[in-house]
Amino acid sequence: MGRKFFVGGNWKCNGTVEQVESIVNTLNAGQIASTDVVEVVVSPPYVFLPTVKAKLRPEIQVAAQNCWVKKGGAFTGEVSAEMLVNLGVPWVILGHSERRSLMGESSDLLERRLHMHSLRA
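In my numbering, each number is its position in the sequence shown, counted from 1, plus 1.
What follows is the structure, given as structure tokens:
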């Protein structure tokens with residue numbers, strides 16, 4: 002069998018409840034090749050992860066846009082890999098160029114996030 006295709010959509014910091022519902026409805030109505038051929042993954046903002054996951058048809062997976070390097074604790078605004086696993090979110094975008102350039106995230110931090118996420122996956 003040939004290589005499996007991957008189609009991902011990062012929604013970044015965009016969307017309202019109404020817009021997200023419209024996007025989910027559009028995705029659910031679309032045609033997608035077999036999951037043997039392609040993986041389709043969308044990455045809505047954190048606040049919409051549970052809603053999108055619950056409403057999307059099962060062959061479209063959901064990803065988080067980032068995750069924290071530690072299990073939990075006093076890290077206001079962060080989301081841990083453990084939380085994502087608890088939500089049933091199997092994917093996470095790590096090391097995005099925007100996070101690196103705008104937030105100054107280093108390769109060291111990325112490496113620690115990768116390690117933490119792999120422990121939870």
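Ideal placement from N, C-alpha and C gives every residue a C-beta, glycine not left out. Remember, it's a predicted structure, so these values are computed and weren't measured experimentally.
- For a cut-off of 8 Å, the C-beta gap from residue 16 to residue 49 is around 6 Å, short enough to register as a contact.
- Within the region 42-85, the runs of alpha helix (DSSP H) that reach at least 4 residues and sit entirely inside it are, in chain order, 50-56.
- Taking 8 Å as the cut-off, the beta carbon of residue 7 is found closer than this to the beta carbon of residue 40.
- For residue 11, there is no enclosing alpha helix (DSSP H); the residue is found in the beta strand (DSSP E) stretching over 6-11.
- Looking at the DSSP output, residue 112 sits in no beta bridge, so it has no partner there.
- Between the alpha carbons of residue 78 and residue 47 lies a gap of roughly 10 Å.
- Residue pairing from DSSP leaves residue 19 without any beta-bridge partner.
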